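See below for the structure under consideration.
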Amino acid sequence: MQPKIVLVGRSNVGKSTIYRQITQHNYIPKKNSFVKTIDIQCSKVSICNFDFLLIDTSGFISDKKIITSLERKCINQTLNAIQTSDIIFFVVNGNQECTYEDKILSKIILSKRKQTFLLLNIKCLSFDNIFYKDFYNLGFHPIYTISSLKKTTLINFFKNHVIPSFLNINSVSNKFDSIQKNFLINSKSKIHNSISQSKIVVTVIGKPNVGKSTLVNSLTNSKRIITDSIPGTTKNSVLVPLCYKDQNYLFIDTAGIRKIKKINCPNEKMFIKESLNNLGKSDIILLIIEFKDFDCQQNIKLINFSIKQGCSILIIVNKCDLISANKIKKFKKFFTSFFSYSKVINFTIHFISALFKIGITSLIESIKKTYTNSFYNFNSSQLTKILHFLIIHHQPPLINNKRIKLKFAHPGGTRPLKIIIYGNRTDHLTLNYKTYLLNNFKKLLKITNNPLILIFKKSINPFIKK
Numbered sequence: 001m002q003p004k005i006v007l008v009g010r011s012n013v014g015k016s017t018i019y020r021q022i023t024q025h026n027y028i029p030k031k032n033s034f035v036k037t038i039d040i041q042c043s044k045v046s047i048c049n050f051d052f053l054l055i056d057t058s059g060f061i062s063d064k065k066i067i068t069s070l071e072r073k074c075i076n077q078t079l080n081a082i083q084t085s086d087i088i089f090f091v092v093n094g095n096q097e098c099t100y101e102d103k104i105l106s107k108i109i110l111s112k113r114k115q116t117f118l119l120l121n122i123k124c125l126s127f128d129n130i131f132y133k134d135f136y137n138l139g140f141h142p143i144y145t146i147s148s149l150k151k152t153t154l155i156n157f158f159k160n161h162v163i164p165s166f167l168n169i170n171s172v173s174n175k176f177d178s179i180q181k182n183f184l185i186n187s188k189s190k191i192h193n194s195i196s197q198s199k200i201v202v203t204v205i206g207k208p209n210v211g212k213s214t215l216v217n218s219l220t221n222s223k224r225i226i227t228d229s230i231p232g233t234t235k236n237s238v239l240v241p242l243c244y245k246d247q248n249y250l251f252i253d254t255a256g257i258r259k260i261k262k263i264n265c266p267n268e269k270m271f272i273k274e275s276l277n278n279l280g281k282s283d284i285i286l287l288i289i290e291f292k293d294f295d296c297q298q299n300i301k302l303i304n305f306s307i308k309q310g311c312s313i314l315i316i317v318n319k320c321d322l323i324s325a326n327k328i329k330k331f332k333k334f335f336t337s338f339f340s341y342s343k344v345i346n347f348t349i350h351f352i353s354a355l356f357k358i359g360i361t362s363l364i365e366s367i368k369k370t371y372t373n374s375f376y377n378f379n380s381s382q383l384t385k386i387l388h389f390l391i392i393h394h395q396p397p398l399i400n401n402k403r404i405k406l407k408f409a410h411p412g413g414t415r416p417l418k419i420i421i422y423g424n425r426t427d428h429l430t431l432n433y434k435t436y437l438l439n440n441f442k443k444l445l446k447i448t449n450n451p452l453i454l455i456f457k458k459s460i461n462p463f464i465k466k
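Numbering follows full-length UniProt numbering, in which position 186 of the sequence shown is assigned residue number 186; successive positions increment by one, without gaps.
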């Protein structure tokens with residue numbers, strides 16, 4: 001099994017910076033900005049055939065300073081990560097004195113009796129740190145000096161200490177020298193590089209505080225993601241695996257997406273950008289909405305953006321436990337008509353309660369069915385018959401008193417599904433007629449929750465001399 005390496009320490013000592021350097025994470029906060037880690041981040045890394053899982057945790061706070069329930073949840077996750085880890089990277093700030101939190105955390109780590117590296121993180125390696133001796137009292141020897149802002153120090157640290165210590169060897173061959181040019185081989189930050197073809201990648205998106213994290217916890221039957229009533233609890237995207245009925249899933253919980261006008265923090269824009277980037281890496285998208293904001297145009301924009309990415313979509317209406325069963329039936333009809341009017345048709349709408357796990361089983365089954373349907377296998381004969389049937393019921397428009405002729409159709413690919421239609425003067429087809437063909441192809445082929453793209457091409461006359 002791959003060893004688990006966990007980064008622990010008090011807040012703002014450079015744990016997340018080390019994590020981003022090792023995993024080559026794209027997000028880099030602006031200078032002098034402090035971004036607090038809430039949820040545990042986990043990435044798979046391979047360095048010169050040494051595979052391990054790197055785990056980033058939230059900043060440790062002593063019991064005396066814990067004020068909110070959110071801070072208590074963060075500390076519990078950090079302690080659980082320490083308990084389940086194989087190697088501990090205890091990160092301290094070498095430019096400051098040893099604090100009370102450092103001493104309390106050191107006692108907790110020592111009680112676990114696990115292999116621990118005390119990392120003295122300083123801004124400049126040439127800096128003569130007057131607080132260096134203070135950390136000897138923590139009980140870890142030796143102390144390793146690094147700079148989270150410089151990859152070379154992390155390279156040398158892994159090369160000279162971590163890998164030899166874990167593999168229990170005295171020397172390291174020269175093959176580790178190539179690590180300086182290509183430090184990371186695999187990283188889970190690039191989702192599709194670490195996911196097998198049989199794994200279904202599901203991204204959960206929506207506005208803040210609509211229940212995205214609660215839904216992922218309910219789907220995976222775990223408490224992997226910290227939930228709270230405060231909007232914006234989830235910042236970075238969190239990956240949670242699940243195996244259900246011999247099918248592997250990977251759920252990605254994302255930061256809440258708000259309107260650009262309401263965003264004041266520059267770091268929040270980076271989190272939203274990361275959420276939108278995950279859409280293109282997903283097989284299925286779960287859009288979470290609430291009853292009170294079902295008609296929000298932002299939800300329609302998210303759906304249209306997901307369609308452009310070629311992803312399958314499921315619309316989830318959360319918190320259905322807050323209304324009666326009779327009202328749910330009325331809302332179902334209203335929701336269906338609203339999204340149909342908004343040109344978002346053939347999408348299944350699930351009414352669930354993520355908190356009380358209502359409708360979770362049927363949702364997982366719908367995810368599997370939607371993923372399977374994204375690989376529709378149509379033949380040209382079937383598509384051409386449907387095309388001729390639609391033409392009989394609604395003829396193409398006249399252009400200069402001449403009828404546009406659509407001749408035949410054939411499949412053009414999957415994910416997203418594509419149908420190529422050949423004919424004469426197809427570039428003159430109106431948008432209304434293209435919409436008519438698209439909607440009826442979806443209806444007759446029973447395509448749900450998956451985008452369909454119609455590509456029109458002109459037939460080439462072989463008798464025309466070039």
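All C-beta atoms in this analysis are idealised placements derived from N, C-alpha and C, irrespective of residue type, glycine included. Treat the numbers as computed from the prediction; the structure is a model and nothing was measured.
For this session: With T372 as the anchor, note down where its beta strand (DSSP E) starts and where it stops.
Result: Residue 372 sits at position 372 when you count from the first residue of the sequence shown. Note, T372: premise wrong, no beta strand (DSSP E); alpha helix (DSSP H) at 360-373.
Exercise. Going along the chain, which residues of its own chain have a beta-carbon closer than 8 Å to the beta-carbon of L438, five neighbours each way excluded?
Worked result: Your numbering for residue 438 matches position 438 in the sequence shown. Hits under 8 Å: L452, L454.
For this session: Mind checking which residues open and close the beta strand (DSSP E) that includes I252?
Result: Here residue 252 is taken as the residue at index 252 of the sequence shown, counted from 1. Here the beta strand (DSSP E) through I252 covers 247-253.
Problem set entry | Rounded straight-line distance, which links the Cα of I22 to that of F52 | Numbered from its first residue, the sequence shown carries residue 52 at position 52. Numbered from its first residue, the sequence shown carries residue 22 at position 22. Each residue's Cα considered, the two are about 11 Å apart.
Problem set entry | For G206 and I257, believed in contact at Cβ under 8 Å, the rounded distance | Walking along the sequence shown from the start, residue 257 turns up at place 257. Walking along the sequence shown from the start, residue 206 turns up at place 206. Between G206 and I257 the Cβ distance is about 7 Å, and since that is below 8 Å, they are a contact.
For this session: Could you name the residues that DSSP lists as bridge partners for N121?
Result: Here the question's residue 121 lines up with position 121 in the sequence shown. For N121, which the question treats as bridged, DSSP gives the partners N93, I146.
Problem set entry | Status (buried if at least 16 other CB within 10 Å, exposed otherwise) for K107 | On the sequence shown, position 107 is the one that residue 107 refers to. Looking at its Cβ environment, which holds fewer than 16 other Cβ atoms inside 10 Å, K107 is exposed.
For this session: Could you have a look at S187 and say whether DSSP puts it in helix, strand or coil?
Result: What you label residue 187 is simply residue 187 of the sequence shown in a count that begins at 1. Low per-residue confidence applies at S187: pLDDT is 38, beneath 50, and the placement is therefore not dependable, though the value from the model is reported in the following sentence. Three-state result, S187: strand.
For this session: Work out the CA separation of C320 and F335 for me, nearest whole Å.
Result: Mapped onto the sequence shown, residue 335 falls at position 335. Mapped onto the sequence shown, residue 320 falls at position 320. Answer to the nearest angstrom: the Cα atoms are 13 Å apart.
Exercise. Roughly how many whole angstroms lie between the Cα atoms of N12 and K223?
Worked result: On the sequence shown, position 12 is the one that residue 12 refers to. On the sequence shown, position 223 is the one that residue 223 refers to. Rounded to the nearest angstrom, the two C-alpha atoms are 25 Å apart.
Exercise. With contact counted as at least three CB pairs below 8 Å, one residue from each stretch, are the segment 69-83 and the segment 223-232 in contact?
Worked result: yes
Exercise. What residues are listed by DSSP as bridge partners for L398?
Worked result: The residue you call residue 398 lines up with position 398 of the sequence shown. Its beta-bridge partners are R403.
Exercise. In the DSSP assignment, what are the bridge partners of Y244?
Worked result: One-based indexing of the sequence shown puts residue 244 at position 244. Answer by DSSP bridge pairing, in chain order: Q247.
Exercise. Is it the case that the Cβ atoms of I55 and K114 are separated by a distance below 8 Å?
Worked result: As a working mapping, residue 55 is identified with position 55 in the sequence shown. As a working mapping, residue 114 is identified with position 114 in the sequence shown. Result no, Cβ atoms of I55 and K114 do not sit closer than 8 Å.
For this session: Report, in whole angstroms, the separation of the C-beta atoms of L242 and T220, which I expect to be a contact under 8 Å.
Result: The count along the sequence shown starts at 1 and reaches residue 242 at position 242. The count along the sequence shown starts at 1 and reaches residue 220 at position 220. Right, the Cβ-Cβ distance comes to about 5 Å (below 8 Å), so this counts as a contact.
Problem set entry | Three or more C-beta pairs below 8 Å linking the segment 383-396 and the segment 239-254 | no
For this session: Would you be able to state if there are at least three C-beta pairs under 8 Å between the segment 420-433 and the segment 399-410?
Result: yes
Exercise. For residue 470, which of helix, strand or coil comes out of DSSP?
Worked result: No answer is possible for residue 470: the residues shown for the chain start at 1 and end at 466.
Exercise. Mind checking whether V202 and F251 have CB atoms under 8 Å apart?
Worked result: On the sequence shown, position 202 is the one that residue 202 refers to. On the sequence shown, position 251 is the one that residue 251 refers to. Contact: yes.
For this session: Within the same chain, show all residues whose beta-carbon is closer than 6 Å to that of K357, passing over the 5 residues directly before and after it, in chain order.
Result: On the sequence shown, position 357 is the one that residue 357 refers to. Within the same chain, K357 has close Cβ partners S218.
Exercise. Apart from the five residues on each side of it in sequence, which residues of its chain come closer than 6 Å, Cβ to Cβ, to T17?
Worked result: Locating residue 17 in the sequence shown gives position 17, where the first residue counts as 1. Once the five neighbours on either side are set aside, the close Cβ partners of T17 are S148.
For this session: Ignore the nearest five residues each way along the sequence and tell me which others in T348's own chain have a CB closer than 8 Å to its CB.
Result: Residue 348 sits at position 348 when you count from the first residue of the sequence shown. Closer than 8 Å at Cβ, skipping near neighbours: L314, I315, S366, T370, T448, N449.
For this session: Pull up the CB-CB distance for F89 and L119, whole angstroms please, since I reckon it's below 8 Å.
Result: Counting from 1 along the sequence shown, the entry for residue 89 is found at position 89. Counting from 1 along the sequence shown, the entry for residue 119 is found at position 119. About 6 Å separates the two Cβ atoms, so the contact holds.
Exercise. If you draw a straight line from the C-alpha of S111 to the C-alpha of D39, how long is it?
Worked result: Against the sequence shown, residue 111 aligns to sequence position 111. Against the sequence shown, residue 39 aligns to sequence position 39. One C-alpha to the other measures close to 24 Å.
Problem set entry | Reduced DSSP category for C296 - H, G, I as helix; E, B as strand; rest coil | Start at 1 with the first residue of the sequence shown, and residue 296 comes out as number 296. C296 falls in the coil class under three-state DSSP.
For this session: Please classify F347: does DSSP put it in a helix, a strand, or coil?
Result: Along the sequence shown, one-based indexing puts residue 347 at 347. The answer is coil: DSSP assigns F347 none of H, G, I, E or B.
Exercise. Hey, P411 and L383: beta-carbon distance below 8 Å or not?
Worked result: Here residue 411 is taken as the residue at index 411 of the sequence shown, counted from 1. Here residue 383 is taken as the residue at index 383 of the sequence shown, counted from 1. Yes, these two residues count as a Cβ contact at 8 Å.
Exercise. Where Y136 and D102 are concerned, what is the direct C-alpha to C-alpha distance, given to the nearest angstrom?
Worked result: Against the sequence shown, residue 136 aligns to sequence position 136. Against the sequence shown, residue 102 aligns to sequence position 102. Cα to Cα, the separation comes out at about 12 Å.
For this session: Tell me where the beta strand (DSSP E) around S46 begins and ends.
Result: Stepping through the sequence shown from its first residue, residue 46 is reached at position 46. That run of the beta strand (DSSP E) goes 41-47.
Problem set entry | Per-residue burial, Q197 [other beta carbons within 10 Å of its own, 16 or more giving buried] | One-based indexing of the sequence shown puts residue 197 at position 197. Confidence is the limiting factor: at Q197 the pLDDT is only 48, short of 50, which leaves the residue's position unreliable, though a coordinate-based value still follows. The residue is exposed, with fewer than 16 neighbouring Cβ atoms inside 10 Å.
For this session: Rank Y433, S324, V238, T152 by C-alpha distance to the C-alpha of F456 and give the top, closest one.
Result: In the sequence shown, the residue the question calls residue 456 occupies position 456. The shortest Cα separation from F456 among Y433, S324, V238, T152 belongs to Y433.
For this session: Please confirm whether T414 and S374 have their CB atoms less than 8 Å apart.
Result: Within the sequence shown, numbered from 1, the residue matching residue 414 stands at position 414. Within the sequence shown, numbered from 1, the residue matching residue 374 stands at position 374. Their beta carbons are under 8 Å apart, which means T414 touches S374 by this criterion.
For this session: Could you please give the first and the last residue of the uninterrupted alpha helix (DSSP H) stretch that includes D102?
Result: In the sequence shown, the residue the question calls residue 102 occupies position 102. Per DSSP, D102 belongs to the alpha helix (DSSP H) from 100-112.
Exercise. Where in the UniProt domain "GTPase Der C-terminal KH-domain-like" (380-457) do unbroken runs of the beta strand (DSSP E), each at least 3 residues long, occur, reported from the N-terminal end onward?
Worked result: 406-413, 417-423
For this session: May I ask you to report which of helix, strand or coil DSSP gives V13?
Result: What you label residue 13 is simply residue 13 of the sequence shown in a count that begins at 1. Coil, per DSSP.
Problem set entry | Whole-number beta carbon distance between T37 and S69, since they are thought to touch under 8 Å | What you label residue 69 is simply residue 69 of the sequence shown in a count that begins at 1. What you label residue 37 is simply residue 37 of the sequence shown in a count that begins at 1. No, S69 and T37 are not in contact; Cβ-Cβ is about 17 Å, not under 8 Å.
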